[in-house]
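Undergrad: Can you read through this structure? Questions will come right after.
2 protein chains.
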Amino acid sequence: MTPNLHITSQQIRIFEAVARNLSYTKAAEELGLSQPAVSIQMKRLEENNDVKFIEVIGKKLYLTRPGERMLKSCQRILDELHDLNGHIKSAQQKIEGELKIAVVTPAKYFMPYILKAFLNRYPDVRPAITVINRRRILDELKQNQYDLSIMGRVPEELKLDSFPFFQNELVVAAPAKHRLSKEKRIPISEIATERFLMREKGSGIRMSVEDRFAENGIIIEPYMELGSTESIKQAVMAGLGISVLPKQAIRIEAKHGHLDILDVEGFPVIRDWYVAKMKDKNLHPAAQAFVDFLNSIDIERLLAMSDTR
Amino acid sequence: MTPNLHITSQQIRIFEAVARNLSYTKAAEELGLSQPAVSIQMKRLEENNDVKFIEVIGKKLYLTRPGERMLKSCQRILDELHDLNGHIKSAQQKIEGELKIAVVTPAKYFMPYILKAFLNRYPDVRPAITVINRRRILDELKQNQYDLSIMGRVPEELKLDSFPFFQNELVVAAPAKHRLSKEKRIPISEIATERFLMREKGSGIRMSVEDRFAENGIIIEPYMELGSTESIKQAVMAGLGISVLPKQAIRIEAKHGHLDILDVEGFPVIRDWYVAKMKDKNLHPAAQAFVDFLNSIDIERLLAMSDTR
DNA sequence: AAAATTCATAAACAAATGTATATGCATCCT
DNA sequence: AGGATGCATATACATTTGTTTATGAATTTT
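Protein chains in written order, with my numbering: chain B, 155 to 463; chain X, 155 to 463.
Encoded structure:
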């Protein structure tokens, strides 16, 4: 291995300016240095490497052959640094590129709608969503596999920074004065016998609800399928059956007694959603923008609008 | 104009090693530095440019996106420096490339033979010979147009380094006891009537002699053309005619009275040859080799062998 | 021939860069 | 749980880099 050239980046800059101007004085002016500073650096450069790069003949400067070669290299290097600078500076500002997010299984029901809205605002971001279980999220976060993760609980052991961005509470809504309205801790199996109004298959909220019943070994047969949260709400109030709805969506109606919230075992399904990152992890602009986005938007409204909870 | 990236070449080396090893400790070992030295430089690099290049998560290092970009650039720069180093180191040793020599008009008669011998030894040199007059040589030397110049007198005014490498003295040789042997200061016109033995057309020495006569308005008609200095010498001794020969070549014969040297006006033609360069001029290896070559060879013998004076 | 320009050099000093040693702290491994 | 490992930080110091000012030497311009 040959010992490399002994040169500082300042010497590169100075040499380039000197070689281009063929003048120490002009180079010094251009770089905002004193003339002796330039002279000294050039002298050191030559002494350190035991090469003559510059000849002063009469009053004019000439490059030796190694000097010509050196100029080429210096210019290439300065170009490279300039490019690099541009890339970095712009990459620090532009919201673009890959955004790797690990998502805990139940979040997959609503994440697409959030992402859709996010991409609408920042079309140059390429999100990569991985749906994995909680344990693996923690492991892989530790290994810096993701920029962010979305989960329902934040483990305390780990060095995570986390921010809540969404509280979702799914309650069982029944027509006013339903036979179970006054009951406490209604067994989940009791509910299963009711007429169930549900969103169409594939709806996020329907899947969430089905999952919850499935955990208790119950499979719900929908009595009727309706296309939106709003229409289900109306149908419940009309006495067509019961349903599971976001508490937020029926808050006013429940208050006025237009429908009742049943106290069923396993309900409400409370979902507090957090976005988390490793404490030492540096968020690139796209990731930071996503966090900001989560904090700034009204997720209830977004999901209601997309009608997908 | 964007302010350029603030980075030292040491930081480039350190960053590259860190990014490649993904370890400060290993990078430090590789570079023969202490671990804190590496840590500090990386920290300064990031602080100075307000960018995070490296993330330490748990115990492992990861490159951020700017870090990845940085690594690319660092590797390109190090490659460039490595190439540069190679070029310079080899260019410092190899005797090759262009060798620009300015030659005063009369030297053109013998230079080709010297060059031929030089190229025989150093085939990778590409000599560029320019034949110009003395005044222009001085001007253009000052402007660093040539590596070397060949001339007969060295002006004292100028800052030239010069070395004599060849003394040539052309004398008029006549058969022993020639009718003009005792004469002093024989007019050049007197000689013109003699039978002249000469080398074939194109011979360096013939051109040199013809030039000298031409300066006096005399055109010599050769009585006989012979192929070598040696055969002319024999012919002169045999009484066939007179000729102009290097004094060196007939020194012994003249001493023993086998032929006479005539004291003709304008003779001997004395040529002291110097190789010169500007005092501050740096000779590259090929140029230095040429100077050494001139000093080391026996030019009399070389020219005699090529039979061209 | 005098004046202006340009590079070289020196001295004295200020700032930055780079270093080793020692130590702390967190993580990883066993 | 305990030891080993790896990075961060503090301190103190050495070296390098850059500064101004002054001056010298040489060349070019006027």
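Beta carbons: idealized from backbone N, C-alpha and C, even for Gly.
Can you check the stretch 294-336 of chain B for any beta strand (DSSP E) of at least 3 residues that lies completely inside it and give the ranges in chain order?
TA: Complete beta strand (DSSP E) runs here, min 3: 302-305 and 314-329.
Undergrad: Please list the partners that Met432 (chain B) has in chain X, where partner means a Cβ-to-Cβ separation under 8 Å.
TA: In chain order: Ile211.
Undergrad: Candidates B:Thr383, B:Phe319 and B:Glu375: which alpha carbon is nearest Asp446 (chain B)'s?
TA: For the residues B:Thr383, B:Phe319 and B:Glu375, the minimum Cα distance to Asp446 (chain B) belongs to B:Phe319.
Undergrad: Are the CB atoms of Ser316 (chain B) and Glu234 (chain X) within a distance shorter than 7 Å?
TA: No. Outside cutoff.
Undergrad: Can you say whether Gln247 (chain B) is buried or exposed, counting buried as having 16 or more other CB atoms within 10 angstroms of its CB?
TA: Burial call: exposed.
Undergrad: What are the residues in the stretch 238-251 of chain B lying within 9 Å of chain X by C-beta distance?
TA: Against chain X - using a Cβ distance shorter than 9 Å - the residues of the stretch 238-251 of chain B are Leu238, Asn239, Gly240, His241, Ile242, Lys243, Ala245, Gln246 and Gly251.
Undergrad: Would you be able to state if there are at least three C-beta pairs under 8 Å between the stretch 260-267 of chain X and the stretch 356-374 of chain X?
TA: The answer is yes - the stretch 260-267 of chain X touches the stretch 356-374 of chain X, with three or more Cβ pairs under 8 Å.
Undergrad: In whole angstroms, what separates the C-alpha of Val423 (chain B) from that of Pro439 (chain B)?
TA: Straight-line Cα distance between these residues: approximately 34 Å.
Undergrad: Could you pull out every residue in the same chain whose Cβ sits closer than 7 Å to the Cβ of Val308 (chain X), ignoring the five residues on either side in sequence?
TA: Hits under 7 Å: Leu314, Ser316, Tyr428 and Ala430.
Undergrad: Under the DSSP definition of a beta bridge, which residues are partnered with Lys445 (chain X)?
TA: The identity of residue 445 (chain X) in the sequence shown is Val, whereas the question assumes Lys. Val445 (chain X) pairs with nothing; no bridge assigned.
Undergrad: DSSP puts Lys214 (chain X) in a beta bridge; with which residues?
TA: DSSP, once it has assigned bridges, lists X:Ile211 as partnering Lys214 (chain X).
Undergrad: If Pro258 (chain X) and Asn287 (chain X) are in contact, beta carbons under 8 Å, what's the gap, nearest whole angstrom?
TA: Here the sequence assigns Val to residue 258 (chain X), which means Pro is not the residue at that position. Sure, about 7 Å apart at Cβ, within 8 Å.
Undergrad: Answer yes or no: does any C-beta atom of chain B fall closer than 7 Å to that of Lys206 (chain X)?
TA: Interface residue, yes.
Undergrad: Pick from B:Leu394, B:Leu380, B:Pro341 and B:Lys435: whose alpha carbon is nearest that of Asp417 (chain B)?
TA: Selected option, being the one with the closest Cα: B:Pro341.
Undergrad: Do you know offhand how far Ala327 (chain X)'s Cα is from Leu457 (chain X)'s?
TA: In a straight line, the C-alpha of Ala327 (chain X) is about 19 Å away from that of Leu457 (chain X).
Undergrad: I'd like to know whether the C-beta of Thr122 (chain X) is nearer than 7 Å to at least one C-beta of chain B.
TA: With chain X represented from 155 up to 463, any question about residue 122 (chain X) goes unanswered, as that position is not in the structure.
Undergrad: What runs of the alpha helix (DSSP H), each 4 residues or longer, lie entirely inside the stretch 365-404 of chain X?
TA: List check, alpha helix (DSSP H) in window: 383-391.
Undergrad: Using a Cβ-Cβ cut-off of 7 Å, state whether Pro220 (chain X) counts as contacting chain B.
TA: Output row for Pro220 (chain X): interface = yes.
Undergrad: State yes or no: is the beta carbon of Lys296 (chain B) nearer than 7 Å to at least one beta carbon in chain X?
TA: Yes, Lys296 (chain B) lies at the interface with chain X (some Cβ there is under 7 Å from its Cβ).
Undergrad: For Arg455 (chain X), collect the residues of the same chain with a Cβ closer than 6 Å to its Cβ; drop the 5 residues on either side in sequence, then sort them by chain order.
TA: Result list for Arg455 (chain X): empty, nothing under 6 Å.
Undergrad: Quick check on the burial criterion: 16 or more other C-beta atoms within 10 angstroms. Buried or exposed for Ala181 (chain X)?
TA: The residue in question, Ala181 (chain X), is buried, as its Cβ has 16 or more Cβ neighbours within 10 Å.
Undergrad: Just the Cα atoms here: how many angstroms apart are Gln402 (chain B) and Glu323 (chain B)?
TA: Gln402 (chain B) and Glu323 (chain B): Cα-Cα distance of roughly 8 Å.
Undergrad: Which first and last residues belong to the beta strand (DSSP E) in which Gly221 (chain X) is found?
TA: It is not in any beta strand (DSSP E) - Gly221 (chain X) instead sits in the alpha helix (DSSP H) that spans Arg219 to Ala245.
Undergrad: Would you mind stating whether Glu379 (chain B) and Met361 (chain B) have Cβ atoms separated by less than 7 Å?
TA: Not closer than 7 Å, so no.
Undergrad: Buried or exposed for Leu176 (chain B), please, with buried defined as at least 16 other CB atoms from any protein chain shown within 10 angstroms of its CB.
TA: By the 10 Å Cβ count, Leu176 (chain B) comes out exposed.
Undergrad: My output table needs one value for Leu273 (chain B): the three-state DSSP class, helix, strand or coil.
TA: Leu273 (chain B) falls in the helix class under three-state DSSP.
Undergrad: Within a Cβ cutoff of 8 Å, which residues of the same chain sit near Arg174 (chain X), ignoring the five residues on either side of it in sequence?
TA: Result list for Arg174 (chain X): Ala181 and Leu225, in chain order.
Undergrad: Would Ala171 (chain B) and Leu185 (chain B) be called neighbours here (beta carbons separated by less than 7 Å)?
TA: Against a cut-off of 7 Å, the Cβ pair of Leu185 (chain B) and Ala171 (chain B) comes out as a contact.
Undergrad: When the cut-off is 7 Å and only beta carbons count, does His438 (chain X) lie next to chain B?
TA: With 7 Å as the cut-off, His438 (chain X) counts as an interface residue toward chain B.
Undergrad: To the nearest angstrom, how far is the alpha carbon of Arg167 (chain X) from that of Phe207 (chain X)?
TA: Answer to the nearest angstrom: the Cα atoms are 14 Å apart.
Undergrad: Do you know offhand how far Met196 (chain X)'s Cα is from Glu222 (chain X)'s?
TA: Going from the Cα of Met196 (chain X) to the Cα of Glu222 (chain X) covers about 14 Å.
Undergrad: Compute the beta-carbon to beta-carbon distance between Ala256 (chain B) and Ser303 (chain B), rounded to the nearest angstrom, for a pair I have assumed lies under 8 Å.
TA: Contact flag correct, Cβ pair sits at about 4 Å.
Undergrad: Among B:Met305, B:Pro277, B:Ile283 and B:Gly393, which has the Cα closest to the Cα of Ile289 (chain B)?
TA: In the sequence under discussion, the amino acid at residue 289 (chain B) is Arg, which differs from the Ile named in the question. Of the listed residues, the one whose Cα sits closest to Arg289 (chain B) is B:Met305.
Undergrad: Is it true that the CB of Ala441 (chain B) sits closer than 7 Å to the CB of Ile249 (chain B)?
TA: Contact: no.
Undergrad: Short of 7 Å Cβ to Cβ, which residues in the stretch 174-201 of chain B face chain X?
TA: So nothing in the stretch comes that close.
Undergrad: Quick one: grab the DSSP three-state call for Gly358 (chain B).
TA: Correct three-state label for Gly358 (chain B): helix.
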